[in-house]
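First the structure, in the form of structure tokens, and then the observations on it.
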Amino acid sequence: MDPSPLSPTAHRHSSSSDCVNLGRGSSPSFPYYQGWKFDSVSNLRPKICITTSTSAGLDQILPWMFYHKVIGVSTFLLFVEGKAASLDVSKVLESIPGVKVIYRTKELEEQQAKSRIWNETWLSSFFYKPCNYELFVKQSLNMEMAIVMARDAGMEWIIHLDTDELLHPAGAREYSLRQLLLDVPGNVDMVIFPNYESSVEREDVKEPFSEVSMFKRNYDHLPKDTYFGMYKESTRGNPNYFLTYGNGKSAARIQDHLRPNGAHRWHNYMKTPNEIKLEEAAVLHYTYAKFSDLTSRRDRCGCKPTKEDVKRCFMLEFDRSAFIIASTATEEEMLNW
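Numbering-wise (UniProt numbering), the sequence shown opens with residue 1 and increments by one.
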């Protein structure tokens with residue numbers, strides 16, 4: 001596959017002199033292109049909103065937002081906690097037009113406690129469990145609020161995306177997400193982007209978006225004889241083709257009765273949505289691309305690093321193994337693992 005969308009090869013026109021101009025000017029701009037402004041008031045359609053729940057720092061959030069703005073995203077709804085909610089980070093995020101920062105306050109939690117989601121069965125198996133299960137519920141509640149905010153802002157499409165994921169609008173004219181969704185028939189409610197998963201190339205990767213260049217293609221984008229014929233070689237003993245999820249992410253047309261259906265899908269309270277799966281476009285998931293992605297696992301949860309206890313905290317087998325290794329092994333053992 002081609003190099004990552006944010007790799008240096010995509011920006012050969014840049015020069016060392018660009019560095020001199022970083023941060024100059026009083027109006028909000030990104031350092032990646034000199035003088036490039038965040039034009040949040042645009043007549044171009046459709047209006048696309050991305051929502052996320054994140055605790056990442058600016059080093060991850062800013063290039064992620066910049067990339068998606070370039071391919072056509074109008075608005076970002078950021079539900080922030082941890083580092084993302086710190087004064088230094090949130091101050092920068094709030095200064096960017098087209099970005100709304102939502103903090104996890106007591107008022108927000110009280111409002112979400114009244115959500116109809118708590119009375120639904122589709123998410124009930126995740127309630128009142130720690131760590132990843134709690135995050136999944138939190139993401140769903142945030143997505144529910146984001147639908148209302150996006151509609152009030154005049155958005156036409158909404159996508160839930162994590163800050164370690166980039167939309168890859170392959171097959172669209174001018175590599176435009178806006179053009180891709182504009183070409184979707186009017187009777188389609190949902191568009192599924194199959195996910196590709198980054199491969200671990202080196203242990204010294206610092207900036208996955210620009211350094212990682214190799215991905216496993218989703219089985220939806222592979223000939224079935226190739227997928228099944230090479231299954232044993234590609235999984236390398238792991239029971240799953242991907243280390244993490246494999247069901248992609250979806251964009252939903254904003255309309256009455258829209259609701260989240262977990263972090264990867266949307267649904268509708270009043271009808272079965274008409275959905276299509278894209279044949280070329282994908283979500284690039286940069287999972288465990290940095291060594292620190294593994295070492296930071298130990299700080300994610302209060303679970304004991306035992307095979308039984310991690311089942312309470314993590315849904316995926318690889319996440320469970322990663323937590324145990326990060327909590328019990330030396331740095332050398334983790335590198336070998």
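From the three backbone atoms N, C-alpha and C, an ideal C-beta is built for every residue, glycine too. The structure presented is a predicted model; accordingly, all values stated were derived computationally and were not measured.
* In angstroms, rounded to a whole number, what distance separates the CA positions of Ser27 and Ser95? -> Note that Ser27 scores a pLDDT of 42, beneath 50, so its modelled location is shaky; the value from the coordinates is reported in the next line. So the alpha carbons of these two residues sit roughly 9 Å apart.
* Would you check if there are 3 or more beta carbon pairs closer than 8 Å linking the stretch 213–230 to the stretch 131–141? => Under the three-pair Cβ rule at 8 Å, the stretch 213–230 does not count as touching the stretch 131–141.
* Just list the beta strand (DSSP E) runs in the stretch 132–204, keeping only unbroken ones of 3 residues or longer that don't cross its boundaries, in chain order. => Note on the stretch 132–204: whole beta strand (DSSP E) runs with a minimum of 3 residues are 157–160, 165–168, 190–193 and 195–198, in chain order.
* **Nearest residue (CA-CA) to Leu58, options Arg178, Leu78 and Leu44** => Check the Cα spacing between Leu58 and each of Arg178, Leu78 and Leu44: the tightest is with Leu78.
* To do: Determine the direct distance from the alpha carbon of Val70 to that of Arg24, and round the result to whole angstroms.
  => Confidence is the limiting factor: at Arg24 the pLDDT is only 40, short of 50, which leaves the residue's position unreliable and the question unanswerable from this model.
* Asked: Since Val191 contacts Ser250 with CB under 8 Å, what's their CB separation in whole angstroms?
  -> With a beta-carbon spacing of about 6 Å, Val191 and Ser250 fall inside the 8 Å limit used to define contacts.
* **Inter-stretch contact at 8 Å, needing at least 3 Cβ pairs: the stretch 168–176 / the stretch 226–244** => Contact fails: fewer than three Cβ-Cβ distances are below 8 Å.
* To do: Tell me, please, which residues DSSP counts as bridged to Thr330.
  => Note: Thr330 sits in no beta bridge, so no partner.
* Asked: Which residues in the same chain have their Cβ closer than 8 Å to the Cβ of Thr121, if we skip the five residues on either side of it in sequence?
  -> Excluding sequence positions up to five before and after Thr121, its CB lies less than 8 Å from no other CB in the same chain.
* Using DSSP with H/G/I as helix, E/B as strand and the rest coil, what is Leu87? -> DSSP places Leu87 in helix when its eight states are reduced to three.
* Since Tyr196 contacts Ala282 with CB under 8 Å, what's their CB separation in whole angstroms? -> So it is a contact: roughly 5 Å between Cβ atoms.
* To do: Please work out which residues of its chain come closer than 8 Å, Cβ to Cβ, to Asn274, disregarding the five sequence neighbours upstream and downstream, and give them in chain order.
  => Closer than 8 Å at the Cβ level, and outside the excluded window around Asn274, lie Asn187, Val188, Asp189 and Met190.
* Between the stretch 298–309 and the stretch 244–258, do at least 3 Cβ pairs fall closer than 8 Å? -> Contact between the stretch 298–309 and the stretch 244–258 is absent: fewer than three C-beta pairs spanning the two stretches fall below 8 Å.
* Which of helix, strand or coil does DSSP assign to Arg104? -> In the three-state reduction of the DSSP assignment, Arg104 falls in the coil class.
* **Option nearest Glu332 by Cα separation, candidates Leu161, Phe291 and Ser125** => The alpha carbon of Glu332 has as its nearest neighbour, out of Leu161, Phe291 and Ser125, the alpha carbon of Phe291.
* Asked: Can you tell me the Cα-Cα spacing of Ala153 and Glu81, whole angstroms?
  -> The straight-line gap from Cα to Cα measures roughly 23 Å.
* Asked: Trp64: buried (16+ other C-beta within 10 angstroms of its C-beta) or exposed?
  -> With 16 or more other Cβ atoms within 10 Å, it is buried.
* Asked: Would Phe209 count as contacting chain B if we go by Cβ distances under 7 Å?
  -> Going by chain labels, chain B is absent from the structure shown, which holds only one protein chain.
* **Whether Ser198 touches Phe215 by CB criterion (7 Å)** => For Ser198 and Phe215, yes; Cβs fall inside 7 Å.
* Residue range of the beta strand (DSSP E) that includes residue 361 -> Limits of the chain in this structure are 1 at one end and 337 at the other, which puts residue 361 out of reach.
* **Straight-line Cα distance separating Tyr286 from Tyr33** => Legend: pLDDT at Tyr33 = 45, less than 50; position of this residue unreliable, value from coordinates given subsequently. Their Cα atoms are separated by approximately 23 Å.
* Could you tell me the distance, in whole angstroms, from the CA atom of Asp293 to the CA atom of Gly98? => Going from the Cα of Asp293 to the Cα of Gly98 covers about 29 Å.
* Asked: Is Arg312 helix, strand or coil by DSSP?
  -> When DSSP states are grouped into helix, strand and coil, Arg312 belongs to the helix group.
* Can you tell me whether Thr328 is buried or exposed, with buried defined as 16 or more other CB within 10 angstroms of its CB? -> Taking a 10 Å sphere around the C-beta of Thr328, we find fewer than 16 other C-beta atoms and assign the residue as exposed.
* Asked: What first and last residue would you give for the alpha helix (DSSP H) that runs through Ile61?
  -> Counted as a single uninterrupted DSSP element, the alpha helix (DSSP H) harbouring Ile61 occupies residues Leu58 to Val70.
* Cβ shell of Tyr269 (< 7 Å), same chain only, five flanking positions each side left out -> Apart from sequence neighbours up to five positions away, the residues of its chain that approach Tyr269 with a beta-carbon distance below 7 Å are His257 and Arg259, ordered along the chain.
* Coil, strand or helix - Phe318 by DSSP -> Correct three-state label for Phe318: helix.
* Asked: From what residue to what residue does the alpha helix (DSSP H) around Lys307 run?
  -> Per DSSP, Lys307 belongs to no alpha helix (DSSP H) and is neither H nor E.
* What are the boundary residues of the alpha helix (DSSP H) that includes Thr295? -> Run containing Thr295: Phe291 to Thr295, per the alpha helix (DSSP H) assignment.
* Asked: What separation, rounded to the nearest whole angstrom, lies between the Cα atoms of Tyr231 and Thr306?
  -> Near 29 Å, if we compare the C-alpha coordinates of Thr306 and Tyr231.
* Asked: Do Glu203 and Leu335 have their C-beta atoms closer together than 7 Å?
  -> Contact: yes.
* Asked: Around the Cβ of Leu181, are there at least 16 other Cβ atoms within 10 angstroms (buried) or fewer (exposed)?
  -> By the neighbour-count criterion, in which a residue is buried when 16 or more other Cβ atoms sit within 10 angstroms of its Cβ, Leu181 is buried.
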